[in-house]
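Residue numbers for the sequence shown follow our numbering, so the first one is 804 and each next one is one higher.
Each residue gets a CB set at the ideal place from its N, CA and C atoms; glycine is no exception.
A short worksheet on the structure shown next.
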Amino acid sequence: MTKTADQSEPRYDAGQIQVLKGLEAVRKRPGMYIGSTSERGLHHLVYEVVDNSIDEALAGHADRVSVIIHEDNSVTVEDNGRGIPVDVHPIEKIPGVELAMTVLHAGGKFDKESYKVSGGLHGVGVSVVNALSERLKVWVKRDGREHYMDFMRGATTTKLKQLRDVGKNETGTKVYFKPDYEIFTDLIYRYDTLASRLRELSFLNKGVTISIRDERVGEEKEDTFLAKGGLKEFVAHLNATRKPLHPEVLYLDTTKDDVGIEIALQYNDGYNDTTFSFVNNINTHEGGTHLTGFKSALTRVINAHAQKGNFLKKADFTLSGDDVREGLTCVLSVKVREPQFEGQTKTKLGNSEVESAVKTCVNEWLAAYLDEHPRVANIILEKAVSAARAREAARKARDLTRRKSALDIGNLPGKLADCSLTDPALCEIYLVEGDSAGGSAKQGRKREFQAILPLRGKIINVEKARIDKVFANEEIRTIITAVGTGIKDDFDITKARYHKIIIMTDADVDGAHIRTLLLTFFYRQMPELIEAGYIYIAQPPLFRVARGKEEYYAFDMKERDEIMKRLSGPEGKANVNVQRYKGLGEMNADQLFDTTMDPERRTLMKVGVEEAVLADEIFRTLMGDEVEPRRQFIEANAKFASNLDI
Ligand code: 0RA
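Below you can see the structure in the form of structure tokens.
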């Protein structure tokens, strides 16, 4: 069968059909490209466009990126880079900018030289943003002209045209997009989430000015981030609420074997290791070769220095990696041309050449630094030696929990009401504040798959205590034993006895405190559980609204008022009874199950660590030395929700 093309209608050649098919695939399975279509995916659209502008900055052609959240939750991202090419591509026969906007992974087609942010969920290409936007417009200033195109759901609606003349040296790209309501379940941007990532990007890309402005009514605000000192400022920021042991941040910025290496570190008087690692601006939560190289050099150099200075003469042992990282705040950022990402969440660097590059550089740099700064060297050495001494004590305490944590039922804590099923994927455990609520939960639960562990004693603040004290705490030991994974070097996620670990506390200040203590513990000692998505927060109702035999539960005041209105009818005078729950204990077993534990009806908040830096900040605010920020936080305790995935 033959068909003659009608010249008056748009003619789709093979190339364009490919294009439409490509973007159609993105719209059919958006999750494959941006991870999710909820809040997280929505924010990824902005990151994707910003990443392109940052790439242009990394290549040395831009130093300014701005983000605007408009009134209707559409977004504009603008940079002062070279501008996306507008000339017609010799093979694809369409302008470069159209190629970039409509062809998956087109970026590499015209520029191989610069580093590309291309791991994790980012780096899918701006065409994915186009495919998932009901509207997208792009302005390019280049070659003395401003050019313009627009699109609907990925399809070109206005071909490339020229708008006006501009100065010869005035260049840049501006992208406006409105996320498609047909795709996203969540369409409202969170300023704090975007601002936090943009601030992080400014630390990671020194000298680039990144600004964000919120134009939404009642939300108007703006921030501008510029870190002239790069990671040095990042570490100073991370240590701002801690007590540094030495004033100067140690800083390295170099290139070795084509790998860009930037490292900043400073010790504080705490006991945690706060090290963040990045590859091409992507947070490598799972670490990888760059981190391995850094850690082994740090351990080696500090041990060598200890030998040289006779620090270990009396003690006569070597310092372990954990010892030399106690109280360390460090950010390590590498730029790699062809990164190989591995691991469960594709956030682990695999390139072996990066390990040796980082190791060699850190060996040289740190050895020289310690030689030249004996006062700082002494402080670091003393910290590590005291950590090593505590390590012995810690190991004894750990042995105790290890012996208890065998899967043998006989060793499970007596307070635990375990479930009868044994498949962890089906099982959940409620960590319940107080014995009385624990009792109701035990009565009301579905005993096949719901286990209850009442917590009564004080949970230790793990932010302020050294590890041996943490593991000596009875409540902590009970939790570790019940969860089953072990801790630290023994940690094994496949031994988790439950895939849902649900924190259930009262809706008051004490409850918020206990909840944060538990979250801090998991975040510091068992972060893998958070990464695996096993940690949840129960959402008990705040009010019971009843009229006669009818009863309803409300989870906030707005809901309470709506129910009251409905029940009291037009006269506003019927006998409506409102009860405010202060504690879980005020509910009987059935009420607790119906409102908070029934998988069919409950709402759980899943705790996520994607914004690890933000999370760390929150944990420090909550658990650090400064009382005032903590008090404010607990009072406005809803803030935690911004870090949670519902
Ligand atoms: C490829 C080549 C060139 C610029 C870009 C991509 C580019 C893309 C984006 C996306 C957002 N902002 C951007 N800025 C630049 C330039 C090639 C040349 O001029 O030689």
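Note that the C-beta distance between residue 1255 and residue 1164 is not below 7 Å. Collapsing the DSSP output to three states places residue 1222 in coil.
Proximity of the beta carbon of residue 884 to ligand 1 is indicated: a heavy atom of the ligand is located closer than 6 Å. Under DSSP, residue 1357 takes part in a beta bridge, and its partners are 1346. Annotation for residue 1011: no alpha helix (DSSP H) segment contains it, and DSSP assigns it neither H nor E. Residue 1339 has its alpha-carbon roughly 4 Å from the corresponding atom of residue 1409.
CA-to-CA, the gap between residue 989 and residue 846 works out to about 10 Å. Counting the other CB atoms within 10 Å of its CB gives residue 869 a total of 16 or more, which places it among the buried residues. For the pair residue 1186 and residue 1292, the Cα-to-Cα distance works out to about 21 Å.
Residue 1402 sits away from residue 1300, with the two beta carbons spaced by 7 Å or more. Annotation for residue 844: the continuous alpha helix (DSSP H) segment containing it runs 842-861. For residue 856, the shortest C-beta to heavy atom distance toward ligand 1 is below 6 Å. The three-state reading of DSSP puts residue 1040 in helix, counting H, G and I together. Residue 972 and residue 950 have their alpha carbons spaced roughly 15 Å apart. Here DSSP, grouped into helix, strand and coil, assigns residue 1304 to strand.
The beta carbon of residue 1047 is closer than 6 Å to those of 1069 and 1071 in its chain, skipping five residues each way along the sequence.
Remark: three or more beta-carbon pairs, one from each stretch, lie closer than 8 Å, so the stretch 852-867 and the stretch 970-986 are flagged as touching.
In the three-state scheme derived from DSSP, where H, G and I count as helix and E and B as strand, residue 1097 is classed as helix.
With a cut-off of 6 Å, the C-beta of residue 887 is classified as near ligand 1, since at least one heavy atom of the ligand falls inside that distance. Each residue's CA atom was taken as its position, placing residue 1114 and residue 1191 some 12 Å apart.
Inclusion of residue 1157 and residue 1092 in the CB contact set at 7 Å is warranted, their separation being smaller than that value.
Pairwise C-beta distances place the stretch 1033-1043 out of contact with the stretch 879-899, as fewer than three of them are shorter than 8 Å. In this chain, the alpha helix (DSSP H) harbouring residue 1164 covers 1155-1175.
Where residue 1335 is concerned, there is no enclosing alpha helix (DSSP H), because DSSP gives it neither an H nor an E. Contact check for residue 1005 against residue 1030 passes: the beta carbons are separated by less than 7 Å.
Closer than 6 Å to some heavy atom of ligand 1: that describes the Cβ of residue 976.
Between residue 1304 and residue 1407 the beta-carbon gap is near 11 Å, outside 8 Å, which marks them as no contact. Taken through DSSP and simplified to helix, strand or coil, residue 1052 comes out as coil.
Distance between residue 1090 and residue 1142, taken at the CA atoms: about 13 Å. Residue 936 is bridged by DSSP to 982. Excluding five sequence positions before and after residue 1184, the CB atoms of its chain that fall closer than 6 Å to its own CB belong to 1109 and 1114, given in chain order. By the criterion of a C-beta distance shorter than 6 Å, residue 1386 is surrounded in its chain by 1309, once the five residues flanking it on both sides are discounted.
Residue 1320 sits in a helix when the DSSP states are folded into three classes.
The Cβ atoms of residue 1363 and residue 1357 lie closer than 7 Å to each other. Not one heavy atom of ligand 1 sits closer than 6 Å to the Cβ of residue 949.
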